Amino acid sequence: MAILPGQGPCLACMYRDMLDQDTYVLRANRCLRVVPGIIAAVEVAETVKVLLGIGGPLLGRLFSYNVCSMQFCTVHVSRDSSCPVCGT
Ligand SMILES: [Zn+2]
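When you line the sequence shown up against my numbering, it's residues 448 to 535, in that order.
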């Protein structure tokens, strides 16, 4: 998901119940160690798209990858107006 300040939801909008309320740090879950590398490549592509103004960024859409089934999908995410991080 592309996170552009003031233009869409942030991680806290999606994972509010997983946030440490004192520090706003997302508690890490265990994952297969190769997955972050795959997701990082996708995020680099998203960053280049935003910087070059090409294509449509994943604004308000969470990119999901299931390594076990090798399936990719996107899920719509709405901005939470009461979000403690990006809400107004
Ligand atoms: Zn937010």
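Cβ coordinates follow ideal geometry from the N, Cα and C atoms, glycine included.
Source: prediction; values computed, not measured.
Sequence-distant residues of the same chain with beta carbon closer than 7 angstroms to residue i, five excluded per side
i, result
"residue 534", "527 and 528"
"residue 496", "502 and 504"
"residue 486", "512"
"residue 454", "506"
Where residue i sits in the DSSP three-state scheme
i, result
"residue 460", "helix"
"residue 514", "coil"
"residue 506", "strand"
"residue 522", "strand"
Contact set for residue i: own chain, Cβ-Cβ below 8 angstroms, skip 5 residues either direction
i, result
"residue 511", "519, 520, 521 and 522"
Alpha-carbon spacing of residue i relative to residue j, whole angstroms
i, j, result
"residue 531", "residue 456", "12 angstroms"
"residue 479", "residue 458", "21 angstroms"
"residue 481", "residue 493", "19 angstroms"
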